[in-house]
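Residue numbers (this note's numbering): 13 to 530.
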């Protein structure tokens with residue numbers, strides 16, 4: 013009996029753990045098998061639903077992720093696929109995530125004319141940074157906020173901004189004198205980003221910072237750069253689609269740290285304005301001037317029930333406008349100046365037009381910005397070739413049928429390739445050539461209004477597009493008044509789609525003083 017008791021004791025002591033591990037392993041295998049089966053079935057269903065949309069071959073696990081090399085050729089690949097697959101084609105990001113990429117005005121009209129919300133995949137990566145602002149919100153929340161914010165972009169609000177934009181531009185152009193003296197190549201994006209940040213702080217928040225002249229780099233600008241890069245990394249890396257995995261990763265830590273810097277910057281701007289508005293005399297003075305800015309509108313806005321925006325709503329809209337109001341405009345301006353440097357004949361026509369309008373003035377006024385049609389056409393042509401926001405996406409809540417009878421099922425993401433539309437050879441003749449005459453009124457009238465959508469279209473178009481166009485006109489006019497822009501043959505930008513259009517190796521040009529023109 014003692015021997016049997018001993019054997020039983022040994023069995024319990026040494027074999028029971030193995031039984032546990034065997035059971036645990038068996039459960040894990042079953043769970044993995046079920047998960048893989050679900051993934052396989054979902055993939056099979058998606059492939060069946062997208063059969064009517066042929067597209068580039070995709071790896072069963074990684075999809076088309078490895079086709080995007082992040083080397084400056086990704087956007088070219090989109091246009092190449094667009095030539096092979098008319099109107100639209102699916103792109104796979106993993107085994108079960110597919111995005112229908114559309115690149116023709118007829119398709120774009122259908123999606124942008126709808127009230128479908130922004131997608132809940134890529135845009136949710138933005139939410140910890142910019143909150144539920146106009147860019148990502150949907151439904152009644154979006155409608156209410158849009159209605160409350162629209163007065164902030166009225167003619168009377170935008171008019172006094174022109175002088176403030178000009179002041180910010182002059183600070184940047186004065187800094188460039190060192191480059192003009194040596195005709196040394198320099199990178200545009202950092203300079204223009206600081207200038208547009210300075211401008212948005214002055215115009216929208218009446219905050220006069222020294223961000224263009226302060227020593228060292230601006231922490232907010234660096235935080236925005238890092239946030240854009242990290243969001244792109246998260247989109248491309250499948251494990252990072254999990255909130256838990258991303259949160260525990262080094263990239264997640266960097267993202268939270270950058271968010272903190274951006275939020276602190278925003279909260280400081282709001283705090284200072286609230287303190288100013290508590291002063292009754294300041295309130296009366298602001299109303300008397302009738303120069304209310306964007307932040308005034310946010311803090312004072314009331315709906316039909318006399319309900320205003322919550323503190324969280326205000327911060328979300330400020331963060332959204334700080335990002336969209338400076339980063340997208342900075343991208344547009346950097347590429348516009350680059351395009352003009354590469355097309356000296358058009359640059360010269362713009363300069364002659366600007367000189368005739370300004371007539372020796374040192375600055376530009378509100379009345380002047382609508383008197384430079386050729387310069388405006390050049391700006392639009394650059395926005396066509398180099399759209400600041402190269403793509404956007406919606407999630408359809410119900411099946412959507414396009415003009416050719418093909419239908420995308422409900423629950424799918426539809427991505428609008430702005431870059432692909434703007435370089436579509438079936439829409440634009442010689443699409444890669446810089447030709448501002450495309451935007452003559454008679455030529456524009458012959459095209460679909462959805463062929464040119466740098467600011468989107470429909471009910472969810474960019475609320476600040478007039479603000480952005482005014483700023484681009486002001487900066488281009490003052491730049492060409494002072495400098496000749498020269499192409500740098502040793503630095504060809506490698507375009508890369510981030511949250512805004514950037515370049516891996518920077519956007520470089522050279523400049524020369526006007527009086528030194530040979």
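No residue lacks a Cβ here, since even glycine has one placed at the ideal position from N, Cα and C.
Contact between the region 43-62 and the region 89-96 is absent: fewer than three C-beta pairs spanning the two stretches fall below 8 Å.
Closest by C-alpha distance to residue 508, out of 72, 52 and 80, is 80. Between residue 101 and residue 65, the C-beta spacing is below 8 Å. 8 Å or more divides the Cβ of residue 185 from the Cβ of residue 521.
By the neighbour-count criterion, in which 16 or more other beta carbons inside 10 Å mark a residue as buried, residue 75 falls on the buried side. Rounded to the nearest angstrom, the Cβ distance from residue 217 to residue 307 is 5 Å, consistent with a contact under 8 Å.
The straight-line gap separating the alpha-carbon atoms of residue 417 and residue 404 is approximately 23 Å.
The straight-line gap separating the alpha-carbon atoms of residue 479 and residue 39 is approximately 59 Å. Among the bridge pairs identified by DSSP, residue 406 is matched with 130 and 426. Between residue 342 and residue 429, the C-beta gap is not smaller than 8 Å, which leaves the two residues out of contact. Note on geometry: alpha-carbon atoms of residue 68 and residue 470 lie some 30 Å from one another. DSSP places residue 509 in the uninterrupted beta strand (DSSP E) bounded by 507-509.
Residue pairing of residue 288 in beta bridges, as defined by DSSP: absent, with no partner found.
Excluding the 5 residues flanking it on each side, residue 183 has same chain C-beta neighbours closer than 6 Å at 224, in chain order. Residue 70 carries a coil assignment under DSSP once its states are collapsed to helix, strand and coil. Residue 84 carries a coil assignment under DSSP once its states are collapsed to helix, strand and coil. In this chain, residue 340 is not harboured by any beta strand (DSSP E), its DSSP state being neither H nor E. DSSP places residue 520 inside the beta strand (DSSP E), whose first and last residues are 520-525. Here residue 486 is buried, its C-beta having at least 16 other C-beta atoms within 10 Å. In this structure residue 332 touches residue 146 by the C-beta definition: roughly 6 Å separates them, less than 8 Å. DSSP, reduced to helix, strand and coil, places residue 440 outside both helices and strands of the structure shown, so it counts as coil. For residue 72, same chain residues with a beta-carbon under 8 Å away, outside a window of 5 residues either side, are 55 and 107 in chain order.
If you draw a straight line from the Cα of residue 379 to the Cα of residue 165, it comes to about 17 Å. Shown here, residue 97 sits in coil according to DSSP, grouped into three states, outside any helix or strand. Less than 8 Å separates the beta-carbon of residue 426 from that of residue 123.
Secondary structure at residue 198: strand, using DSSP grouped into helix, strand and coil. Considering only 141, 368, 157 and 315, the residue with the shortest C-alpha distance to residue 268 is 141. At a Cβ-Cβ threshold of 8 Å, residue 310 and residue 324 do not count as neighbours. Taking residue 286 as the centre and dropping the five residues before and after it, the same chain places the C-beta of 311 closer than 8 Å to its C-beta, in chain order.
In the three-state reduction of the DSSP assignment, residue 113 falls in the strand class.
Under DSSP, residue 515 forms a beta bridge with 507. Membership of residue 326 in the alpha helix (DSSP H) is indicated by the continuous run 323-335. Annotated three-state conformation of residue 188 is coil, per DSSP. If only complete runs of 3 or more residues are kept, the region 144-191 shows no beta strand (DSSP E) anywhere. Residue 460 and residue 117 have their C-alpha atoms some 7 Å from each other. Beta-bridge partners assigned by DSSP to residue 392: none are found.
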